[in-house]
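S.K.:
Residue numbers (our numbering): 981 to 1050.
This is the structure:
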């Protein structure tokens, strides 16, 4: 099973002034609440990297975790 850990650096993020990640994500992982970007559903991330590639402030980091189960 693959899970994705999404790290959002709020110090770098421009929030609702930008919002690119929320607009380009095909699975609606991100939302805008109170002028801030929120990571709501990381389990739906398909690792398309659109958010990462288009974020002008480089505020996002995606880490893929592959679970090893017996």
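Virtual Cβ for every residue (Gly too), placed ideally from N, Cα, C.
Between 982, 1038, 985, which lies nearest to residue 998 when the distance is taken from Cα to Cα?
M.R.: Checked all of 982, 1038, 985; the closest Cα to residue 998 is 1038.
S.K.: From this set, 1028, 1007, 1035, which residue's C-alpha is nearest residue 994's C-alpha?
M.R.: Of the listed residues, the one whose Cα sits closest to residue 994 is 1035.
S.K.: Alpha carbon to alpha carbon, how far is residue 1025 from residue 1043?
M.R.: Each residue's alpha carbon lies about 11 angstroms from the other.
S.K.: For residue 987, which of 1019, 1007, 1002, 1000 has the nearest alpha-carbon?
M.R.: Residue 987 has its Cα closest to that of 1019, out of 1019, 1007, 1002, 1000.
S.K.: Using the Cα positions of residue 990 and residue 1013, report the straight-line distance between them to the nearest angstrom.
M.R.: Computed Cα separation, rounded: 13 angstroms.
S.K.: So, at 8 angstroms on beta carbons, what are the nonlocal neighbours of residue 984 in its own chain, with the 5 sequence-adjacent residues on each side left out?
M.R.: Contacts found: 1022, 1023, 1025, 1027, 1042, 1043, 1044, 1045.
S.K.: How would you write the range of the beta strand (DSSP E) that residue 1046 sits in, first residue to last?
M.R.: Segment 1040-1046, the beta strand (DSSP E) holding residue 1046.
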